[in-house]
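Student: Starting off with a structure, shown below.
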Amino acid sequence: MRKFGLIGKKLGHSFSKKYFTEKFEREGIADAGYELYELPKVQGVPKLLQQEPELVGLNVTVPYKEQVVALLDDLDKAAATIGAVNTIKISDGKTKGYNTDYIGFKSTLEEFYPQQEHGQALVLGTGGAAKAVWAALDALHIPYLRVSRSAAEGQVSYAQLTPELLQAYNLIINTTPLGMYPQVQEAPELPYKSINQRHYCYDLVYNPEQTLFLQQCAAQGAKAMNGIPMLRAQAEASWNIWNLEY
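If you're matching positions, the sequence shown starts at -2 in my numbering and goes up one per residue.
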């Protein structure tokens, strides 16, 4: 039996186990199982691998996407550039990190945000998921501005997001967990009344499917997309990586 799983601090909201369990049943994959591994600290990864020798692949979620990098034997080129890992392949006792958030976000953004509409993007948040988004935007040659709680070089604070600024950016991407279940009444602090039908608003959060951020953007006429298509795409990319024969 090949074992796969997800590591993170709190996994009660996890999509992955249900997704892969249903995939294995649907596709008749009888030699595989997927489990959740809650770890209070990322330093618990080596012990987990010792305790579960049948593990051949792991997904990584918050808050360990960046922290886990230092514990791995090798990194895929894209993951090394991004500085964050959400997929680990385990082979012959060695671990290699990949970033399928990048793959999933890039492919779904290309479908959601038409080439002829390309302008500039606001990326809300600066964590591991944001790093994958930045890399995808770079690859698509879409200029972007980072938004965080405090301003820095190449980065503005939420307090600096004026109505005028929002008019210059027609793509808004939320990479923060704001609005994720159970804190569904939270949303990034934006001048939502300045959003209009020219805007494309992408929320990486997938539970609930319509976050307060997306509800407020859609109410202003913006095109809105949640994180479910990205989640499916990154999960399939993980599966492909785990099953590559070297």
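We treat Cβ as the ideally placed atom computed from N, Cα and C, and that holds for glycine.
Locate the beta strand (DSSP E) running through L27, then write down its first and last residues.
Tutor: Sequence check: residue 27 is Ala here, not Leu. Neither: A27 is in no beta strand (DSSP E) and is coded neither H nor E.
Student: Would N237 be called buried (16 or more neighbouring beta carbons within 10 Å of its own) or exposed?
Tutor: exposed
Student: Considering only C-alpha positions, which residue in the set E32, Q164, S191 is nearest to Q117?
Tutor: Q164
Student: For V66, which of helix, strand or coil comes out of DSSP?
Tutor: helix
Student: In terms of residue numbering, what span does the beta strand (DSSP E) encompassing S235 cover?
Tutor: S235 -> not in any beta strand (DSSP E); alpha helix (DSSP H) instead, spanning 225 to 239.
Student: With 16 other CB atoms within 10 Å as the buried threshold, where does R143 fall?
Tutor: buried
Student: Using beta-carbon positions only, say whether T105 and T97 come within less than 8 Å of one another.
Tutor: no
Student: Based on Cα-Cα distance, which residue from Y34, E206, Y61, Q231 lies nearest to D49?
Tutor: Residue identity differs from the one stated: residue 49 is Glu in this sequence, not Asp. Among Y34, E206, Y61, Q231, the Cα nearest to that of E49 belongs to Y34.
Student: Please confirm whether K93 and L119 have their CB atoms less than 8 Å apart.
Tutor: Not closer than 8 Å, so no.
Student: Apart from the five residues on each side of it in sequence, which residues of its chain come closer than 6 Å, Cβ to Cβ, to Y243?
Tutor: Unreliable placement is indicated for Y243, whose pLDDT of 36 sits below 50; no coordinate value is reported for it.
Student: Does DSSP put F1 in a helix, a strand or coil?
Tutor: strand
Student: Out of G5, E161, Y95, point me to the one whose CA is closest to I192's CA.
Tutor: E161
Student: CB-CB under 6 Å to A76, same chain, minus the five flanking residues each way: which ones, in chain order?
Tutor: V82, G94, Y95, N96
Student: Take E51 and list the residues in its own chain whose beta-carbon comes closer than 7 Å to its own, dropping the five residues that flank it on each side.
Tutor: M(-2), R(-1), K0
Student: Could you tell me the alpha carbon to alpha carbon distance between F141 and L134, rounded to whole angstroms?
Tutor: According to the sequence shown, residue 141 is Tyr rather than Phe. Rounded to the nearest angstrom, the two C-alpha atoms are 7 Å apart.
Student: Is A165 near the ligand COA, in the sense that its beta carbon is under 7 Å from a heavy atom of that ligand?
Tutor: Annotation note on the ligand COA: not contained in the displayed structure, which lists no ligands.
Student: What distance in whole Å lies between the Cβ atoms of Y197 and N223, which are believed to be in contact at a cut-off of 8 Å?
Tutor: Rounded to the nearest angstrom, the Cβ distance from N223 to Y197 is 13 Å, too far for a contact under 8 Å.
Student: Between I87 and L45, what straight-line distance do the alpha-carbon atoms span, to the nearest angstrom?
Tutor: One C-alpha to the other measures close to 12 Å.
Student: Looking at the structure shown, is Q182 part of a helix, part of a strand, or coil, going by DSSP?
Tutor: coil
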